[in-house]
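Chains as they are written, first to last, in the working numbering: chain A, 13 to 334; chain B, 168 to 842. For reference, the structure is listed below as structure tokens.
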């Protein structure tokens with residue numbers, strides 16, 4: 013197992029290298045907007061653009077630019093380690109910006125993940141155990157609505173209804189625990205968590221239900237019942253464990269992707285997360301910011317894959333890595 | 168030294184003349200504005216165009232407040248509520264949008280200029296920070312008085328006493344601080360984005376200096392005197408000196424930052440407010456400086472009162488509020504809802520266009536009608552045509568486009584008259600009053616005139632059979648660049664439909680704003696036509712629009728002269744468009760007339776002659792060059808909450824007037840949550 017994990021970690025590094033290289037080629041070779049021109053004003057002169065390009069390091073050969081980028085990542089830069097470079101837009105170090113925003117995205121993603129797991133999986137289990145009951149129909153109706161209502165619809169709706177009209181929740185924005193206290197922090201996160209969780213909870217409920225119904229029809233479940241095991245033990249020890257394996261896979265990938273940025277939720281609820289920052293960086297040609305965010309998003313997705321694969325071995329005794 | 172004219176604050180003119188308005192007349196003369204023009208602008212309500220606008224005002228009750236009785240936007244004050252002192256003005260924006268990381272030397276964003284000139288920085292001269300025509304008047308700021316030599320080449324400014332830098336500097340603002348601002352503009356490494364207003368104007372200013380060093384054309388004989396030696400008389404010099412890059416800078420702090428944009432998080436205040444946390448800076452050395460805590464360029468900026476500010480030295484700012492807090496909110500609709508809910512005091516720093524349902528609410532709800540403010544944006548939105556690219560290399564085609572465009576439909580796509588008046592020339596009337604009555608391509612109700620367009624098309628080389636419809640291959644699949652979001656994307660089908668009527672079939676490519684501009688700015692792309700572009704004034708002088716058509720406006724990858732007016736063969740070769748240039752100039756005609764000489768002539772003129780010259784320049788462009796089809800003179804929409812007891816617009820910056828607004832929310836800017 014240890015060798016497997018090491019091999020997979022090396023693979024993560026390789027994947028990140030490839031992702032960075034592709035991103036670099038896309039944005040540095042054919043940038044959607046020229047950051048040097050953006051920084052040279054409304055009537056950019058050739059001299060001014062050349063000067064800005066020089067200060068941004070964009071006048072160097074591409075190979076040198078990407079070499080310097082990797083060097084900064086591994087050995088740090090004037091702003092510390094790991095070197096994330098500086099923003100072309102704010103002329104500030106990117107590291108505190110990115111790390112600050114990553115923290116907000118993690119708070120959003122982890123809170124929402126907790127909600128959708130606590131909501132989606134039990135709902136799916138109960139539905140699977142009483143198929144075609146009123147609860148099952150209501151739960152699957154809810155799931156259908158959840159799946160059909162995207163965040164860009166639910167988010168503004170929640171804001172309008174629960175903040176603007178009913179005043180049951182505070183409005184948008186991020187208020188850190190350290191500065192504003194637990195209550196203010198949580199109250200401002202509650203709507204984004206719910207909105208983001210609803211979509212995923214719906215998926216998880218449907219998936220759990222389908223898997224569990226299928227599992228409960230397996231021969232080994234019938235055998236377990238025939239041996240006289242209590243129904244609770246049959247369901248939770250034998251049925252659920254097998255049926256949740258694909259759900260775990262999905263959870264890992266979903267959480268990894270969200271940690272790379274839930275940009276719609278962040279934008280709608282005005283959360284200064286990494287996803288909203290990525291979108292802004294692309295629009296403004298903030299090239300190092302784009303690269304940094306890409307690496308972080310890529311890391312979370314590939315790392316989540318690794319974690320999922322490792323967890324598999326514990327959930328499913330048939331899976332062994334050697 | 169010969170003294171032809173002199174401005175002295177609060178005293179009669181020393182050289183005699185009319186008692187009333189003498190000083191004002193001098194300013195207008197020196198800046199190119201005569202009283203006649205001012206009167207004309209003040210009486211815009213009597214013109215036919217404005218009469219129509221005011222009719223609309225009657226329908227849209229909100230405009231009654233916004234435009235006031237003078238027919239000028241932005242001069243309104245919230246009625247029947249006593250102006251209060253204290254409190255905090257809270258507003259939000261989608262993004263600060265800074266172009267130069269908020270370093271005054273390079274920053275070229277109007278909204279940033281509003282923050283500098285209203286709150287942070289004091290120039291030699293400034294504006295009144297009010298809306299309408301009066302908002303474009305120049306008044307003294309830290310200059311007590313000034314005089315100019317008879318030949319107009321030497322300008323001497325005397326500084327007021329009692330103007331101090333905020334803590335921790337706690338010292339007088341001196342002429343050396345003003346001179347240092349010009350040294351920075353002159354340094355290549357600091358990328359002064361509008362340095363061209365000074366280079367070649369003041370002796371020794373080239374913008375190409377490798378180090379920050381004294382400028383030969385600027386003298387500071389003592390702490391309160393600064394002398395500028397000009398290369399040539401410059402009619403609008405005072406306007407140029409009112410721009411934030413020329414505001415004094417403290418060398419002990421600004422001198423630590425020698426690359427573009429780096430000073431943006433350390434801007435020291437000489438104005439009524441400072442960025443929260445400025446007083447905590449350790450300015451003992453460059454190494455001890457940390458970014459000011461009240462400014463996070465991706466989240467917020469907080470302004471609090473500068474304890475060293477003496478209002479007795481300032482006639483243009485009221486400084487009613489205790490502070491201003493601007494936070495970033497990525498959700499435009501949420502910003503407007505927060506204003507409605509009273510969690511913000513208003514918009515003002517550009518918050519994006521108000522969503523249609525919210526705007527409708529303001530326009531139709533009597534309780535909200537005085538909470539929507541509509542002010543002139545001094546901005547023209549236009550469709551440009553490339554003189555190098557067929558079929559727009561034929562002036563008759565370009566005129567036909569001007570006739571056939573349904574400008575009323577484009578205005579509707581923008582959301583109606585509250586978003587702007589239909590444009591009929593390049594210069595908006597708020598910048599050049601004579602354009603108010605000028606419409607060389609007038610059509611019934613601005614809905615386009617297909618017959619007039621076809622008559623023009625018949626005269627073009629692309630209509631061989633003379634039926635008024637383009638029958639050449641070049642009229643098929645003509646690329647048009649546009650932005651990929653409303654209102655621009657809503658305009659695309661209108662333009663496509665309009666141009667199809669004269670045989671030009673448009674293929675639209677919609678891009679995000681920045682990419683669309685970059686695409687237009689690259690000469691080699693040879694973009695035939697585009698609808699993504701707009702232009703606003705730098706200051707209220709026609710030259711700031713006319714500059715778009717100069718030969719120098721053509722740069723291979725960063726041009727602003729998108730139509731390539733006056734492109735030379737050398738430029739065409741440098742930018743790899745020589746084939747197109749040869750084709751466009753092959754018939755012995757010159758479709759690329761150079762307007763530089765005319766520009767220079769107008770820019771040197773003063774008074775009535777200046778107005779006349781720019782009027783002729785504008786008409787020449789519209790009728791003899793026809794690079795654009797202008798369609799909208801945009802307004803600025805702001806919404807307010809009940810907490811605002813006084814509203815004012817800053818015409819120079821095109822934003823809410825932070826130094827004159829008043830609120831009664833009782834909030835302390837130091838404790839307002841910023842997230």
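For every residue, glycine included, the Cβ atom is placed at its ideal position computed from N, Cα and C.
Original post:
Counting along the chain, where does the beta strand (DSSP E) carrying residue 376(B) start and finish?
Top reply: On the second chain, position 209 is the one that residue 376(B) refers to. According to the DSSP assignment, residue 376(B) belongs to no beta strand (DSSP E), since it is labelled neither H nor E.
Original post:
Which whole-angstrom value describes the C-beta separation of residue 281(B) and residue 833(B), a residue pair presumed to lie in contact below a C-beta threshold of 8 Å?
Top reply: Translated into the one-based positions of the second chain, residue 281(B) becomes position 114. Translated into the one-based positions of the second chain, residue 833(B) becomes position 666. Under the criterion of beta carbons closer than 8 Å, residue 281(B) and residue 833(B) do not qualify as touching, at roughly 24 Å.
Subject >> Proximity below 8 Å, CB of residue 471(B) to CB of residue 573(B) >> reply: Counting from one through the second chain, the residue named residue 471(B) turns up at place 304. Counting from one through the second chain, the residue named residue 573(B) turns up at place 406. Cβ atoms of residue 471(B) and residue 573(B): not closer than 8 Å.
Original post:
Nearest CA to the CA of residue 258(A): which residue from 327(A), 299(A), 188(A)?
Top reply: What you label residue 258(A) is simply residue 246 of the first chain in a count that begins at 1. Of the listed residues, the one whose Cα sits closest to residue 258(A) is 327(A).
Original post:
Once you ignore the five residues that flank residue 228(B) on each side, which residues in its own chain have a CB closer than 7 Å to its CB?
Top reply: Here residue 228(B) is taken as the residue at index 61 of the second chain, counted from 1. Per-residue confidence for residue 228(B) stands at a pLDDT of 35, beneath the threshold of 50, marking its modelled position as unreliable; the derived number appears in the next sentence. Answer for residue 228(B): 536, listed in chain order.
Subject >> Limits of the unbroken alpha helix (DSSP H) element including residue 225(A) >> reply: Taking the first residue of the first chain as 1, we reach residue 225(A) at position 213. Note, residue 225(A): alpha helix (DSSP H), 189-228.
**OP:** Could you check if residue 236(B) is buried or exposed, using at least 16 other CB atoms within 10 Å of its CB as the buried criterion?
**Re:** What you label residue 236(B) is simply residue 69 of the second chain in a count that begins at 1. For residue 236(B), the predicted structure reports a pLDDT of 33, less than 50, and the residue's modelled location is therefore unreliable. The matter cannot be settled from this model.
**OP:** Drop a sphere of 10 angstroms on the beta-carbon of residue 198(B), count the other beta-carbons inside from all chains shown, and report buried for 16 or more, exposed for fewer.
**Re:** Start at 1 with the first residue of the second chain, and residue 198(B) comes out as number 31. Since pLDDT at residue 198(B) reaches only 39, below the 50 mark, its modelled position is unreliable, and the value read off the structure follows with that caveat. Its Cβ being crowded by 16 or more others within 10 Å, residue 198(B) is buried.
**OP:** Can you give me the Cβ contacts of residue 763(B) inside the same chain, cut-off strictly under 6 Å, excluding the 5 residues immediately before and after it?
**Re:** For this step, residue 763(B) is matched to residue 596 along the second chain. Cβ neighbours of residue 763(B) beyond the five flanking positions: 717, 718.
Original post:
Going along chain A, which residues have a C-beta under 7 Å from residue 843(B)?
Top reply: The shown model of chain B, from 168 to 842, leaves out residue 843(B), and the question about it has no answer.
Original post:
How do the stretch 429-438 of chain B and the stretch 271-286 of chain B stand: do at least 3 beta-carbon pairs fall below 8 Å, yes or no?
Top reply: Segments in contact, yes.
Subject >> Residue closest to residue 308(B), alpha-carbon to alpha-carbon, out of 771(B), 484(B), 819(B), 783(B) >> reply: Within the second chain, numbered from 1, the residue matching residue 308(B) stands at position 141. Of 771(B), 484(B), 819(B), 783(B), the residue nearest in Cα terms is 484(B).
Subject >> In DSSP terms, what residue 540(B) is bridged to >> reply: In the second chain, counting from the first residue as 1, residue 540(B) sits at position 373. Within the DSSP bridge table, the entry for residue 540(B) names 805(B) as partners.
Original post:
Whose CA, out of 652(B), 694(B), 413(B), lies closest to the CA of residue 644(B)?
Top reply: Working through the second chain from its first residue, we reach residue 644(B) at position 477. It is 694(B).
Subject >> Distance between residue 100(A) and residue 442(B) (C-alpha atoms, nearest Å) >> reply: Looking up residue 442(B) in the second chain gives position 275. Looking up residue 100(A) in the first chain gives position 88. Put simply, the backbone Cα of residue 442(B) is about 22 Å away from that of residue 100(A).
Subject >> Continuous beta strand (DSSP E) stretch holding residue 257(B): start and end >> reply: As a working mapping, residue 257(B) is identified with position 90 in the second chain. Taken as a continuous stretch (DSSP letters only), the beta strand (DSSP E) holding residue 257(B) covers 255-260.
Subject >> Length of the line joining the Cα atoms of residue 414(B) and residue 266(B) >> reply: For this step, residue 414(B) is matched to residue 247 along the second chain. For this step, residue 266(B) is matched to residue 99 along the second chain. Linking residue 414(B) to residue 266(B) through their CA atoms gives a straight-line distance of about 18 Å.
Original post:
Is residue 836(B) helix, strand or coil by DSSP?
Top reply: The residue given as residue 836(B) occupies position 669 in the second chain. Under the three-state reduction of DSSP output, residue 836(B) falls in the coil class, being neither helix nor strand.
Subject >> Residues in the stretch 412-439 of chain B having any Cβ partner in chain A nearer than 8 Å >> reply: Per Cβ criterion, the list reads 426, 427, 428, 429, 431, 432.
**OP:** Run the CB neighbour count on residue 655(B), radius 10 Å, all protein chains shown included, and call it buried at 16 or more, exposed below.
**Re:** In the second chain, residue 655(B) corresponds to position 488, counting from 1. It is buried - the Cβ of residue 655(B) has at least 16 other Cβ atoms within 10 Å.
**OP:** Can you grab the Cα-Cα spacing for the pair residue 799(B) / residue 303(B), in whole Å?
**Re:** Position 632 of the second chain, counting from 1, holds the residue named residue 799(B). Position 136 of the second chain, counting from 1, holds the residue named residue 303(B). Rounded to whole angstroms, residue 799(B) to residue 303(B) spans 21 Å at the Cα level.
**OP:** Please confirm whether residue 558(B) and residue 629(B) have their CB atoms less than 8 Å apart.
**Re:** As a working mapping, residue 558(B) is identified with position 391 in the second chain. As a working mapping, residue 629(B) is identified with position 462 in the second chain. Cβ atoms of residue 558(B) and residue 629(B): closer than 8 Å.
Original post:
By Cβ distance below 8 Å, which residues in the same chain neighbour residue 222(B) in space, the five residues on each side in sequence not counted?
Top reply: Here residue 222(B) corresponds to residue number 55 of the second chain, with the count starting at 1. Because the pLDDT of residue 222(B) is 40, which lies under 50, any placement of that residue in the model is unreliable, and the number read from its coordinates should be weighed accordingly. Taking residue 222(B) as the centre and dropping the five residues before and after it, the same chain places no C-beta closer than 8 Å to its C-beta.
Subject >> Cross-strand partners of residue 499(B) (DSSP beta bridge) >> reply: The count along the second chain starts at 1 and reaches residue 499(B) at position 332. The partner list for residue 499(B) (beta bridge, DSSP) is empty, contrary to what the question assumes.
Original post:
In the DSSP assignment, what are the bridge partners of residue 703(B)?
Top reply: Here residue 703(B) refers to the residue found at position 536 of the second chain. Looking at the DSSP assignment, residue 703(B) forms a beta bridge with 546(B).
**OP:** Report, in whole angstroms, the separation of the C-beta atoms of residue 830(B) and residue 406(B), which I expect to be a contact under 8 Å.
**Re:** In the second chain, counting from the first residue as 1, residue 830(B) sits at position 663. In the second chain, counting from the first residue as 1, residue 406(B) sits at position 239. Not really, about 31 Å apart at Cβ, beyond 8 Å.
**OP:** Please confirm if the stretch 36-49 of chain A is in contact with the stretch 66-78 of chain A, defined as three or more CB-CB distances below 8 Å between the two stretches.
**Re:** The stretch 36-49 of chain A is in contact with the stretch 66-78 of chain A.
**OP:** Report yes if the C-beta distance between residue 487(B) and residue 704(B) is below 8 Å; otherwise report no.
**Re:** Against the second chain, residue 487(B) aligns to sequence position 320. Against the second chain, residue 704(B) aligns to sequence position 537. No, these two residues do not count as a Cβ contact at 8 Å.
Subject >> Rounded straight-line distance, which links the Cα of residue 274(A) to that of residue 206(A) >> reply: Start at 1 with the first residue of the first chain, and residue 206(A) comes out as number 194. Start at 1 with the first residue of the first chain, and residue 274(A) comes out as number 262. Residue 206(A) and residue 274(A): Cα-Cα distance of roughly 13 Å.
Original post:
For the stretch 254-267 of chain B, which residues have a beta carbon sitting closer than 8 Å to at least one beta carbon of chain A?
Top reply: So the close ones are 262, 265, 266, 267.
Subject >> Within chain A, the residues that residue 361(B) reaches when beta carbons sit closer than 8 Å >> reply: Locating residue 361(B) in the second chain gives position 194, counting from the first residue. Those are 53, 54, 55, listed as they occur along chain A.
Subject >> Inter-residue Cα distance where the pair is residue 604(B) and residue 790(B) >> reply: By one-based count along the second chain, residue 604(B) stands at place 437. By one-based count along the second chain, residue 790(B) stands at place 623. Approximately 15 Å between the Cα atoms of the pair.
Original post:
Where DSSP assigns a beta bridge to residue 325(B), which residues make up the other side?
Top reply: For the purposes of this step, residue 325(B) is identified with residue 158 of the second chain, where counting begins at 1. DSSP lists 312(B), 392(B) as partners of residue 325(B).
Subject >> Distance between residue 354(B) and residue 380(B) (C-alpha atoms, nearest Å) >> reply: Stepping through the second chain from its first residue, residue 380(B) is reached at position 213. Stepping through the second chain from its first residue, residue 354(B) is reached at position 187. Distance between the alpha carbons of residue 380(B) and residue 354(B) is about 8 Å.
Original post:
For residue 341(B), which option in 808(B), 335(B), 324(B) has the closest C-alpha, if you only look at C-alpha atoms?
Top reply: Position 174 of the second chain, counted from the first residue, corresponds to residue 341(B). Among 808(B), 335(B), 324(B), the Cα nearest to that of residue 341(B) belongs to 324(B).
Subject >> Chain-order list of residues whose beta-carbon lies under 6 Å from that of residue 184(B) (same chain, five-residue window excluded) >> reply: Within the second chain, the letter at position 17 stands for residue 184(B). With a pLDDT of 32 at residue 184(B), under the threshold of 50, the modelled position of that residue is not reliable, and the figure given next carries that caveat. So no residue of the chain qualifies.
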